[in-house]
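The sequence shown: position 160 = 161 (the numbering used here), numbered continuously. Have a look at the structure below, then the notes.
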Amino acid sequence: MDRLNSFKAYDVRGKVPSELNLDLAYKTGRAFAKLINAKSVVIGHDIRKSSEEISEALAKGLNDAGANVIDIGLCGTEMVYFGTPYLNADGGIMITASHNPPEYNGMKFVKRDAVPVGYNSGLNEVEKMILKNELGEISGKKGNYSKKDIMRVFINNLKQFYDAKKIKPFIVVVNAGNGCAGLAIDAIEKDLPIKMIKVFNEPDSDFPNGVPNPLLPENRQPTIDAVLKNKADLGVAWDGDYDRCFFFDEKGNFIEGYYIVGILAKSILINHPGENIVHDPRLTWNTLEIVKENGGIAVQSVSGHAYIKEKMREVNAIYGGEMSAHHYFRDNAYSDSGMIPFLLIMQLMSEENKKLSELLEEMIAKYPCSGEINSTIDDPANKIKEIEKLYSDGKVDKTDGLSVEYDNWRFNLRMSNTEPIIRLNVEAKDDEHLMKQKAEELLKIIRGKFN
Numbered sequence: 002m003d004r005l006n007s008f009k010a011y012d013v014r015g016k017v018p019s020e021l022n023l024d025l026a027y028k029t030g031r032a033f034a035k036l037i038n039a040k041s042v043v044i045g046h047d048i049r050k051s052s053e054e055i056s057e058a059l060a061k062g063l064n065d066a067g068a069n070v071i072d073i074g075l076c077g078t079e080m081v082y083f084g085t086p087y088l089n090a091d092g093g094i095m096i097t098a099s100h101n102p103p104e105y106n107g108m109k110f111v112k113r114d115a116v117p118v119g120y121n122s123g124l125n126e127v128e129k130m131i132l133k134n135e136l137g138e139i140s141g142k143k144g145n146y147s148k149k150d151i152m153r154v155f156i157n158n159l160k161q162f163y164d165a166k167k168i169k170p171f172i173v174v175v176n177a178g179n180g181c182a183g184l185a186i187d188a189i190e191k192d193l194p195i196k197m198i199k200v201f202n203e204p205d206s207d208f209p210n211g212v213p214n215p216l217l218p219e220n221r222q223p224t225i226d227a228v229l230k231n232k233a234d235l236g237v238a239w240d241g242d243y244d245r246c247f248f249f250d251e252k253g254n255f256i257e258g259y260y261i262v263g264i265l266a267k268s269i270l271i272n273h274p275g276e277n278i279v280h281d282p283r284l285t286w287n288t289l290e291i292v293k294e295n296g297g298i299a300v301q302s303v304s305g306h307a308y309i310k311e312k313m314r315e316v317n318a319i320y321g322g323e324m325s326a327h328h329y330f331r332d333n334a335y336s337d338s339g340m341i342p343f344l345l346i347m348q349l350m351s352e353e354n355k356k357l358s359e360l361l362e363e364m365i366a367k368y369p370c371s372g373e374i375n376s377t378i379d380d381p382a383n384k385i386k387e388i389e390k391l392y393s394d395g396k397v398d399k400t401d402g403l404s405v406e407y408d409n410w411r412f413n414l415r416m417s418n419t420e421p422i423i424r425l426n427v428e429a430k431d432d433e434h435l436m437k438q439k440a441e442e443l444l445k446i447i448r449g450k451f452n
């Protein structure tokens, strides 16, 4: 079967208008409504220039298929995840390309109860309906279109996850990167006893300060500078649709997402011992130790939001975390949130009476990690097979890519879903030099420079 370039493993995403245009958005609306037999669908969109017109075309397609559309307007992805069950809708669609360059846009899909719809769980059928023009008849009874502002309800719902009375009057740098997070930051500000130093808070489709992607080292400096200048206790930066958040300690150090998984697991298990915590297999030792120490049960899942959410539902996990800065919560429709981690970490800092660096320094020293290192190569699948043979004396796990564990170090290799890229993560026990040495050794093999 032919393929549409914009249909990816977890969402629809592509350049506008060559890979994603108004006609495709309209047809996607009709096909998605047919797929889930929708009576009502929640839609929202990010700040990108093309988002509003794509949203309008999508809504027309949904309406023509007989589905009512509830448009929650400019928002973050997690508001669509929240709004779908809150508004008792059959599905939800967020128009966003998150941290991709400005010329891109995309759509993320959920069905009832915010269950994700990826390529293998329905988007393949949507693609097939579009390609084969099997969209069905335009409904004789078209759906209604309405707009609804749910920001205050969304912000109030976050209160179940934290107690504002327990949070100290911190100075916190918040960097929305000119994405959508600024709207939520403004709305939650009056509920918190903190002083916010706002950086790039206004949504701006031109992204005048770069695409909101704090994973790029060049995008971190404004947050670091603001933390140091204002002697802040904490820095937080979000991506464009604020489903991911990134942390900086009071010294301006960027914190790897791996250690945030551990600290969030601890903050939750303090009040909910015995619960299941889901994690990805890329970096694990710190998470496993913290979950065990705090009376929880660690459950490993394949990386990726669809897999993590599925595993969380399967084992009724209270929290799931990925080193990629996606954090999922059972009481948030098993969905990822960029706001809840920020609130939980401030509360943990307050309750433990520790700076963020103090909460993390033992973890970072005990389990130093490389962070994710990407390599573009010709044949990733064969390269992983080659490395598996070379390291066959270690304990091998193939939950997600290739993980190999030794007594004092381990690594994980995964292929990208969409590009000829291998992603490497290495960690060691109490030995940063060994971690760096092994990362270098593996990179030489991956990049073909190993003798």
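For glycine and all other residues, C-beta sits at the position ideal for the given N, C-alpha and C.
DSSP, read as helix, strand or coil, puts ASP337 in strand. Taking C-alpha positions only, GLY180 is separated from SER206 by approximately 8 Å. ILE139 counts as exposed, since fewer than 16 other beta carbons sit within 10 angstroms of its beta carbon. Comparing C-alpha distances from VAL127 to each of PHE208, ALA266, THR29, ASP72 shows the shortest one belongs to THR29.
The distance from the Cβ of GLU104 to that of LYS16 is about 5 Å, consistent with a contact at the 8 Å cut-off.
A contact is defined here as three or more CB-CB pairs under 8 Å, and the stretch 237-250 fails this definition with respect to the stretch 290-297. Taking 8 Å as the cut-off, the beta carbon of LEU403 is found no closer than this to the beta carbon of VAL427. The residue among PHE110, ASN317, SER99 with its C-alpha nearest the C-alpha of ALA90 is PHE110.
Fewer than three Cβ pairs drawn from the stretch 381-394 and the stretch 268-286 lie within less than 8 Å of each other, which leaves the two stretches out of contact. DSSP, read as helix, strand or coil, puts ILE198 in strand. A Cβ-Cβ separation of about 5 Å places GLY84 in contact with ILE73 under the 8 Å criterion. For GLU442, the enclosing alpha helix (DSSP H) covers residues 433-447.
For SER19, no alpha helix (DSSP H) run applies, since DSSP gives it neither H nor E. Here the alpha carbons of TYR146 and TYR368 stand approximately 52 Å from one another.
Residue state for SER358 is assigned as helix, using DSSP reduced to three classes. Less than 8 Å divides the Cβ of ILE195 from the Cβ of PRO170. The continuous stretches of alpha helix (DSSP H) do not include PHE162, and DSSP gives it neither H nor E. For SER376, the enclosing beta strand (DSSP E) stretches over residues 374-377. Annotation: the stretch 203-288 contains the following complete segments of the beta strand (DSSP E) (minimum length 3 residues), in chain order: 235-239, 246-249, 277-280. MET324 carries a coil assignment under DSSP once its states are collapsed to helix, strand and coil. For the pair MET95 and ASP337, the CB atoms are not nearer than the 8 Å cut-off.
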